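1 is the number of the first residue of the sequence shown in our numbering; add one for each residue after it.
All residues carry an ideal CB built from backbone N, CA and C; glycine is no exception.
Computed from a predicted model, the values in this text were never measured in an experiment.
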Amino acid sequence: MLLPLTAEPASAWTIAGRFVVLAALCLGASSASRQLAIPPSVVSALWPPSAVALCGLLAWGWQMIPAIWLGCVLAAFLAGIPPQTAALVGLGNALEPVIALLLMHRVFRRGSDLYHYDRVFKFIGIAAASAMISATVGTSALALTDPIDRGPFAVNWLTWWLGNSSAIVIVVPLLMSWNAGASIAWTPRKRIEAAAFAILLPATSQLAFSRIGGELDLSYLCLPFILWAAFRFSLCTVTLTTGLICVIATWNTTHGLGPFASSDLNTSYLVLMTFTGVVGTMGLVLAGLVHRYREAERSLRAERDMLELRVQERTEGLASELAQRRRVEAELADAQHLAGIGSWLWDPVRRTVHWSDELYRIVGAERGSFVPDPTSCLALIHPDDLAQVEQAIRQGSTERTPFELEHRLLTLQGETRIVLSRGQAAHADDGKLRIHGTVQDITKARGTEASRREAESRYRTLVEVSPDAILVQQDSRFVFANEAAVHLLGASSPQEVIGRSIYDFIHPSYHELVQERLLYLEDGEQVLSLEERLVRLDGSEVDVEVNSAPFQHDGRSASLFIMRDITERRRSVEQMAYLAHYDSLTGLPNRMLFHQRLEHALHLAERPGQTLEILFLDLDRFKNINDTLGHATGDLVLKETALRLQGILRDSDTVARLGGDEFVVLVENIDEPHRGGKIAEKILNAFKAPFLHEHEPLSISTSIGIASYPDDGRDASTLLKNADIAMYRAKELGRNNFCYYSPELNRHSTERLIMEFALSTAIQNAQLFLLYQPKVDLLTNRITGMEALLRWRHPTLGLIAPDKFIPLAEETGLIIPIGYWAIREACAQNRKWQDYNTTRLRVAVNLSLRQLNDSSLIENIRAILDETDLDPRYLELEITETAVMSNPDKASALLNELRAMNISVAIDDFGTGYSSLAYLKQFPIRAVKIDRSFVQGIPANHDDSAITKAIINLAHSLECSVIAEGAETQQQYDFLRDHDCDSVQGYYFSEPMSADSFGDLLRTQTTLTMH
């Protein structure tokens, strides 16, 4: 695309930017062109800045003249020319493009006129004329500054003139045709050719204008490249090639190289400028010829394309008309196919019949395989309908009236179809009679109609036998009611319902809802699944679920109602809702409902001055009741507990059962400090009265933990957790009491959890071990046995006292695996002692209440004895008095099984429980152990001494030996010996010792020295 000769309107910022760019281009081009000057002159034989200035005016308009002057002045000043002279030189350089632009406007109408060969020389003349202005002003200014002879003045003027005019001739066409190469098809082959051209052109030009060829004149070698660029590439390539050749020629000549360099400076200038002028002119003329050739080629190609386009448009028009006709025919055929209508035309004179494609399809024939004629057409009509069809055709032909009738048609495949035939006789343009008509296949329509009647009958039956009540209301009155509706509304027949309004049966509280529903139905919208209440004719009420929808009855708008009795379902839902929020056993709120009420109470308690407390209750030893007396008794205890709690609480307080034997009380609107503690005392007092079981009293107690809002927590989970922690602390303090939560309890609970987890892995981590304390005969001071005592050494917590971890093991159930481990270890160790010592002693191991209730106890002990190969006579199990009396009958049976195995049993901690002498007589007990709490008080404490003597006498009367536990002083030893106690166990004789130490004791002595 060529540059325009006039500039387009632009903004002030755009003009300023262009001003700076053009001034910089003029300055840069001038500085670069001075490198082509032949010293000592500053005048170059090729001066591109003149072309840059002209192109700037062509592109951006007259307002760029100051930019040209400024750039040229700065260039002259930087070259060492005085300011006044530089201003005159800049003036000449600015006048040059102005004169050239004015002349080009007069000669050329558009930029492409430059390439018309008849106007090329006019452009050369414009370049020469405008260059004279710059050369004259510039050399005159230099002469005024530094006077020179006429000879050098003439040479400078000639060089200046030829350099500027040559640059305009070469560079202006280059810049104006810069985008002309966009039409080149850059195929891979063309790219290779362009690369070769780009390499060979500068190489050949340098070869031609350097001294490589010696004295030979090789300048002609560059001329073929101009032809190559003109015929193989674009106008831009031609001008670029011309410019590059001239630049290389000028560069080498200014450096004394090439065929144009000589000792005579004037001769070198003349030859060089002649060469650049010839090359530039040649390139421009050649470019013009090629441009005209390609313009003509493009014009011919455009005319050819226009003719081809017209032919194509006409062809497409004919094809479109043909396609339109075919489309109309296809649409008609499709319409006939969709409607199942075939057309026919009968010429009675020629006896010919024409069918449409759809009629062929109806009779099951293929066009070409079946030729319709009057005889073959009548043969396709069912014999029973043939006379009727012939009569209709004759009457239509005679009377010239249309005919229409239904009849049966036999297809070529033997199928019978029901068709609707229509026809009419008319005279054609030639005056002859023609009969045309249609045949419509209505077989499916008749089948659909039959199916519709069948469906109506089926749906009528479904409506009549439907268990749901179905009613149709029209004009605000029922017009239909099935049997289920009659029964639902309490009527004896549909007549008692029909004619009434729906409001006659709807409960008054639902009238507004029904009115809204009817408005929706009038708007054509369905109303699904609404629950309402009906009032039957007998006055009773029933809950129903109603679905309704707009309906058509006898061709008019109506409303359809389908009702289902949901009285039982609603009762079940209410029952399920009750069970979801209340405990089925006690009738108290369950965990879910309690949490809801607690959240609501916490929300109210956020107000200033409001507080609340939570009491967490757990029945003490409730599991023993379930295990010994059965779950039925446990349920009775839970029910009685609920009744007692409800009896002492205010209506505003909430008592709930969380699960198992856990109850919780929510106390709101507390008007006095520690009201929860006072309620806890009432609860404890309420539990003092015995619970009755089959007329036998049961002593039940409870432990209570109390947490207060907001001191002990601000959310439900925190308050319940802290109340639970306080409850466990109450159990640790002896049960049957209450305890307020404190942060120390939380730490204690955390420690308890840590200890519980550590205890669960103590066996696997080999942290448990046994110590053995000897039992000594008071008469002989001989060792008669030993008790295995369980100990726990934790790697970080150190040695943990038994009174801390054994209750935890009892509570969590870990005592069962730990207990069996202790029995196994004690039996195995006793067997080892027997292997290297002739003394045979009985090892005693404590048996917990949970182990006593373990159904596999006997089986496990037998397996341990078999595994350790210990004679059962040398194993003794110590069972606490409380454990035995928790279920005496079961304990008696179990102890008898142990005796049958030759395992002895001792009652541990005797005197601390509530043993019945009748049961003690039945138990197969070998020994009774006096609890250390009594032994430690003798002989100083009269009560302890009396109890101890009574236990010794009682045991001897039952033929049981007596072992005193915890003897630590001489006075205790003397008292026990004087009152016929059989054996003692305590620190007075020996502290518990390891298995190795006890083995050494057995080897060295059979009697013990008293400490």
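One alpha carbon belongs to Leu-221, the other to Ala-229, and they sit about 14 Å apart.
Per DSSP, reduced to three states, the secondary structure at Val-371 is coil, with no helix or strand assignment. Contact check for Val-665 against Leu-615 passes: the beta carbons are separated by less than 8 Å.
When Cβ pairs closer than 8 Å are counted between the two stretches, the stretch 370–377 is seen not to touch the stretch 469–479, the count staying below three.
Here DSSP, grouped into helix, strand and coil, assigns Ser-205 to helix. Within the same chain, Cys-72, Val-73, Ala-76, Ile-81, Val-137, Gly-138, Ala-141, Leu-142 come within 8 Å of Val-89 by CB-CB distance, once the 5 residues on both sides are set aside.
Counting C-beta pairs with one atom in each stretch, the stretch 765–773 and the stretch 692–711 have fewer than three that are closer than 8 Å, which means they do not touch. For Asp-618 against Met-727, the beta-carbon gap comes to about 5 Å, under 8 Å, which counts as contact.
Minimum Cα-Cα distance from Pro-608 among the listed residues Ile-670, Gly-966, Trp-47, Asn-737 corresponds to Ile-670.
With contact defined as three or more Cβ pairs closer than 8 Å, the stretch 516–523 and the stretch 433–453 are not in contact. Distance between Asp-996 and Ile-683, taken at the CA atoms: about 54 Å.
In the displayed model, Ala-900 falls within a helix according to three-state DSSP. Beta-carbon to beta-carbon, Leu-808 and Pro-992 are separated by about 21 Å, too far to satisfy the 8 Å threshold. Between Ser-466 and Ala-484 the beta-carbon gap is near 6 Å, inside 8 Å, which marks them as a contact. By the neighbour-count criterion, in which 16 or more other beta carbons inside 10 Å mark a residue as buried, Tyr-503 falls on the exposed side. By the beta-carbon neighbour count (other beta carbons within 10 angstroms, threshold 16), Arg-657 is buried. Ile-947 has its alpha-carbon roughly 16 Å from the corresponding atom of Ala-967. The stretch 322–337 makes no contact with the stretch 297–309: fewer than 3 CB pairs, one atom from each, lie closer than 8 Å.
Two segments are said to touch when three or more pairs of C-beta atoms, one from each, lie closer than 8 Å; by this definition the stretch 868–876 touches the stretch 841–850. Under the 10 Å beta carbon count, Ser-957 is surrounded by fewer than 16 other beta carbons and is classified as exposed. Residue pairing by DSSP places Thr-352 opposite Asp-347 in a beta bridge.
Annotation: the continuous beta strand (DSSP E) that includes Leu-420 extends over 416–427. In the DSSP assignment, the residues bridged to Asp-777 are Ser-983. Of the candidates Val-363, Arg-394, Thr-250, the residue whose Cα lies closest to the Cα of Ala-379 is Val-363. In this structure, DSSP gives His-553 an extended state, which the three-state scheme calls strand.
Judged by DSSP secondary structure, Ser-933 falls within the alpha helix (DSSP H) whose first and last residues are 932–935.
The beta carbon of Ala-24 sits closer than 8 Å to the beta carbons of Gly-71 from its chain, once the five residues preceding and following it are set aside; these are given in chain order. Closest in alpha carbon position to His-255, among Tyr-293, Gly-28, Gln-206, Leu-286, is Gln-206. In this model, Ile-648 and Ser-703 are separated by some 17 Å (Cα to Cα).
Bridge partners of His-436 according to DSSP: Leu-345, Gln-424. Here Ile-763 carries a coil assignment [DSSP, helix/strand/coil]. For the pair Leu-857 and Leu-894, the CB atoms are nearer than the 8 Å cut-off. Beta-bridge partners assigned by DSSP to Phe-910: Ile-930. Take Gln-552, set aside five residues on each side of it, and the residues of its chain with a beta-carbon closer than 8 Å to its own are Ala-558, in chain order.
Apart from the 5 residues on each side of it in sequence, Phe-225 sits with its Cβ closer than 6 Å to the Cβ of Leu-201, Thr-241 in its chain, given in chain order. The Cβ atoms of Phe-910 and Val-928 lie closer than 8 Å to each other.
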